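Undergrad: Quick one: the structure is below, questions incoming.
2 protein chains.
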Amino acid sequence: MPGPVSYTYEYPRPALTVDCVVFGLDDEDLKVLLIRRGVEPFAGRWALPGGFVRMEESLDDAARRELDEEAGIRPNHLEQLYTFGAPGRDPRGRVVTVAYFALVKLSDHVPHAATDARDAAWFSVWDTPKLAFDHADVLGTALQRLKGKVRYQPIGFELLPPKFTLTQLQRLYEVILERELDKRNFRKKILAMDLLEELDEVEQDVSHRAARLYRFDHKKYKQLEKAGFNFEL
Amino acid sequence: MPGPVSYTYEYPRPALTVDCVVFGLDDEDLKVLLIRRGVEPFAGRWALPGGFVRMEESLDDAARRELDEEAGIRPNHLEQLYTFGAPGRDPRGRVVTVAYFALVKLSDHVPHAATDARDAAWFSVWDTPKLAFDHADVLGTALQRLKGKVRYQPIGFELLPPKFTLTQLQRLYEVILERELDKRNFRKKILAMDLLEELDEVEQDVSHRAARLYRFDHKKYKQLEKAGFNFEL
DNA sequence: TGACCCGGGTGTGTTCCGGACACTATGCCG
DNA sequence: CGGCATAGTGTCCGGAACACACCCGGGTCA
Numbered sequence: 004m005p006g007p008v009s010y011t012y013e014y015p016r017p018a019l020t021v022d023c024v025v026f027g028l029d030d031e032d033l034k035v036l037l038i039r040r041g042v043e044p045f046a047g048r049w050a051l052p053g054g055f056v057r058m059e060e061s062l063d064d065a066a067r068r069e070l071d072e073e074a075g076i077r078p079n080h081l082e083q084l085y086t087f088g089a090p091g092r093d094p095r096g097r098v099v100t101v102a103y104f105a106l107v108k109l110s111d112h113v114p115h116a117a118t119d120a121r122d123a124a125w126f127s128v129w130d131t132p133k134l135a136f137d138h139a140d141v142l143g144t145a146l147q148r149l150k151g152k153v154r155y156q157p158i159g160f161e162l163l164p165p166k167f168t169l170t171q172l173q174r175l176y177e178v179i180l181e182r183e184l185d186k187r188n189f190r191k192k193i194l195a196m197d198l199l200e201e202l203d204e205v206e207q208d209v210s211h212r213a214a215r216l217y218r219f220d221h222k223k224y225k226q227l228e229k230a231g232f233n234f235e236l
Numbered sequence: 004m005p006g007p008v009s010y011t012y013e014y015p016r017p018a019l020t021v022d023c024v025v026f027g028l029d030d031e032d033l034k035v036l037l038i039r040r041g042v043e044p045f046a047g048r049w050a051l052p053g054g055f056v057r058m059e060e061s062l063d064d065a066a067r068r069e070l071d072e073e074a075g076i077r078p079n080h081l082e083q084l085y086t087f088g089a090p091g092r093d094p095r096g097r098v099v100t101v102a103y104f105a106l107v108k109l110s111d112h113v114p115h116a117a118t119d120a121r122d123a124a125w126f127s128v129w130d131t132p133k134l135a136f137d138h139a140d141v142l143g144t145a146l147q148r149l150k151g152k153v154r155y156q157p158i159g160f161e162l163l164p165p166k167f168t169l170t171q172l173q174r175l176y177e178v179i180l181e182r183e184l185d186k187r188n189f190r191k192k193i194l195a196m197d198l199l200e201e202l203d204e205v206e207q208d209v210s211h212r213a214a215r216l217y218r219f220d221h222k223k224y225k226q227l228e229k230a231g232f233n234f235e236l
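Below, the structure is given as structure tokens:
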């Protein structure tokens, strides 16, 4: 909490921020968390959660702190995405932002809004309002990354509840990859990896035959990974 | 060239730099460009080329400018790698660096050294001296990225002379991926993509049967890429 | 209460692709 | 003119991808 002090340097420095693209999965739709800006510039516009990096914290810590402060979110999966630094991307002057990308289980964050003064909401990634700054670019980059990464690393599970059906899992991949997958082959492949624990439970409250529930076995994955195993599709 | 002026801000700001990992391919070995530091901290140590970002230039421009200034290099392929910002990574204070990764044809930069006052040299990536700052981490990250990327995008060609033999190309992949490939399968695959132009020339000055030369067809690749084609292995 | 509707879950045949594998061709050199 | 070093080439096999067809289980509703 610096008071009316100031900081002086021999050469000019850009301001440094972090911005987070947080994805969640609502049945059938991929969502992104946006926050409505309360102050200029772009007051009233929707934007990615983010803010200034403090001098004593790492970039990852800054991203986690901002997410917690602005939306009460503590994601399991958080990774650096890309750094955006075009002069002119912020009307206040030179601001460079390190973008992060996070995956959360929507079920954990349903009553999300208004964790602090601002309002926050989930939007379909295919249908967002006009975003502040260059945040549309950031979102596009994040989508690309997600699409590329989901096939080679088991990060999709971070978007699902702990117990899920194979159909839910398949839909997740179909939504992210934007193409349909063959049910038979999808099941064969994913089960062959032996990373899913088959539970003695079925889904509830459905008006048709209930599907079996599975759980992702993180421990087993860590083991296999060390042994040189590569997750794929 | 600011004179004795100074710049004052209400909140403290990290300094922002770029650092570049430049790869080149010497017959049989993957090389990285290093520069010997002339000033503290780490005076005398080898480090990645880089420097401070200016207020009016983009991050990419900063990377290109530093490469040109410090080593006279203008790479064809340059992409952002990762941003390193751990507090304490620079003994002078908080310095955040945006790392870039570049590929050049070594043949274009053989008489590299001493383009300005400092000395620059190519080192085998498997056998570098102790590096300044956290540059060993940066190099490691760059190697991982190169390894991952070379299989899905035809960037390897940036490391070879314009005309090359299939054996050279195969060696390139073997060096980067750190494993041997089958000659027949490799040729079958790469030729099946129809991205190589077969020339009516053979290599010169070899004491055995001369191999045919090929050229990578950038135009054709752009076309196929738009049509949804995916380069792989 | 039983027919039907809706997705869940499995089997099978065909095709396609990637990996394993070894010999002949060519040109320089001594 | 024989040896050597690298260039260049085709086939076979097994597993994965794909397409199609079928039964299952439970809820709904007439």
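If you're matching them up, the sequences are chains A and B in order.
4 is the number of the first residue of the first sequence in our numbering; add one for each residue after it.
4 is the number of the first residue of the second sequence in our numbering; add one for each residue after it.
Just so you know, even glycine gets a beta-carbon here, dropped at the ideal spot from N, CA and C.
Quick caveat: nothing in here was measured; it's all calculated off a predicted structure.
Could you say if the segment 145-153 of chain B and the segment 170-182 of chain B meet the contact criterion of at least three C-beta pairs nearer than 8 Å?
TA: Judged by Cβ distances under 8 Å, the segment 145-153 of chain B makes contact with the segment 170-182 of chain B, as three or more pairs qualify.
Undergrad: Determine whether the Cβ of residue 167 of chain A lies closer than 8 Å to any Cβ atom of chain B.
TA: No, because no Cβ of chain B sits closer than 8 Å to the Cβ of residue 167 of chain A.
Undergrad: Does the beta carbon of residue 11 of chain B sit closer than 8 Å to a beta carbon anywhere in chain A?
TA: Cβ-Cβ to chain A under 8 Å: yes for residue 11 of chain B.
Undergrad: How is residue 160 of chain B classed by DSSP in three states: helix, strand or coil?
TA: DSSP places residue 160 of chain B in helix when its eight states are reduced to three.
Undergrad: Does any CB atom of chain B fall closer than 8 Å to the CB of residue 101 of chain A?
TA: Yes, contact with chain B.
Undergrad: Out of curiosity, what's the CA-to-CA distance linking residue 23 of chain B and residue 66 of chain B?
TA: Approximately 7 Å, taken between the alpha carbons.
Undergrad: Using 10 angstroms around the beta-carbon of residue 159 of chain B, count the other beta-carbons present and answer buried if the total reaches 16, otherwise exposed.
TA: With 16 or more other Cβ atoms within 10 Å, it is buried.
Undergrad: For the segment 117-201 of chain B, list the alpha helix (DSSP H) runs that are entirely contained and at least 4 residues long, ordered along the chain.
TA: You should have 138-152, 169-180, 186-195.
Undergrad: Following the continuous alpha helix (DSSP H) through residue 221 of chain A, name the residue where it begins and the one where it ends.
TA: 221-229 is the extent of the alpha helix (DSSP H) around residue 221 of chain A.
Undergrad: Interface residues of chain B around residue 59 of chain A at Cβ under 9 Å?
TA: Per Cβ cutoff of 9 Å: 90, 97.
Undergrad: When you measure from the CB of residue 213 of chain A to every non-hydrogen atom of the ligand NAD, does any distance come out below 7 Å?
TA: Absence of the ligand NAD from the depicted structure is noted, as is the absence of any ligand whatsoever, leaving it without description.
Undergrad: Kindly indicate which three-state DSSP category residue 80 of chain B falls into: helix, strand or coil?
TA: Three-state result, residue 80 of chain B: strand.
Undergrad: Just the Cα atoms here: how many angstroms apart are residue 211 of chain A and residue 125 of chain A?
TA: In a straight line, the C-alpha of residue 211 of chain A is about 29 Å away from that of residue 125 of chain A.
Undergrad: Please classify residue 115 of chain B as buried or exposed, where buried requires at least 16 other C-beta atoms within 10 Å of its C-beta.
TA: Per-residue confidence for residue 115 of chain B stands at a pLDDT of 48, beneath the threshold of 50, marking its modelled position as unreliable; no derived number is given.
Undergrad: Which residues in chain A sit within 9 Å of residue 176 of chain B, going by Cβ to Cβ distance?
TA: Those do not exist, as residue 176 of chain B stays about 18 Å from chain A at its closest Cβ, beyond 9 Å.
Undergrad: DSSP has residue 103 of chain B in a bridge; who is on the other side?
TA: The partner list for residue 103 of chain B (beta bridge, DSSP) reads B:23, B:83.
Undergrad: With distance defined between alpha-carbon atoms, name the residue in A:75, A:16, A:104 nearest to residue 161 of chain A.
TA: Checked all of A:75, A:16, A:104; the closest Cα to residue 161 of chain A is A:104.
Undergrad: At which residues does the beta strand (DSSP E) containing residue 39 of chain A begin and terminate?
TA: Start and end: 32-39.
Undergrad: From residue 45 of chain A to residue 163 of chain B, what distance separates their C-alpha atoms?
TA: Between residue 45 of chain A and residue 163 of chain B, the C-alpha separation is close to 47 Å.
Undergrad: What residues in its chain sit with their C-beta under 7 Å from that of residue 238 of chain B, if we drop five residues either side in the sequence?
TA: Examination of residue 238 of chain B is not possible in this model, given that chain B is present from 4 through 236 alone.
Undergrad: Can you find the residues in the same chain that come closer than 8 Å, C-beta to C-beta, to residue 56 of chain B, ignoring five residues on each side of it along the sequence?
TA: Excluding sequence neighbours, residue 56 of chain B sits near 19, 20, 21, 62, 65, 101.
Undergrad: Leaving aside the five residues before and after residue 60 of chain B along the sequence, list all residues of the same chain whose C-beta is less than 8 Å from its C-beta, in chain order.
TA: For residue 60 of chain B, where only same-chain residues beyond five positions count, the Cβ hits under 8 Å are 68.
Undergrad: Assess contact between the segment 141-150 of chain A and the segment 23-36 of chain A, defined as three or more Cβ pairs (one per stretch) separated by less than 8 Å. Is contact present?
TA: Judged by Cβ distances under 8 Å, the segment 141-150 of chain A makes contact with the segment 23-36 of chain A, as three or more pairs qualify.
Undergrad: Does chain A have any CB closer than 8 Å to the CB of residue 83 of chain B?
TA: Yes - at least one Cβ of chain A is within 8 Å of the one on residue 83 of chain B.
Undergrad: For residue 50 of chain A, name the three-state secondary structure that DSSP assigns.
TA: Strand, per DSSP.
Undergrad: Which residues of the segment 34-55 of chain A have a Cβ closer than 9 Å to any Cβ of chain B? Give them in chain order.
TA: Cβ contacts with chain B come from 55.
Undergrad: Could you check where the alpha helix (DSSP H) with residue 70 of chain A kicks off and where it finishes?
TA: Run containing residue 70 of chain A: 62-74, per the alpha helix (DSSP H) assignment.
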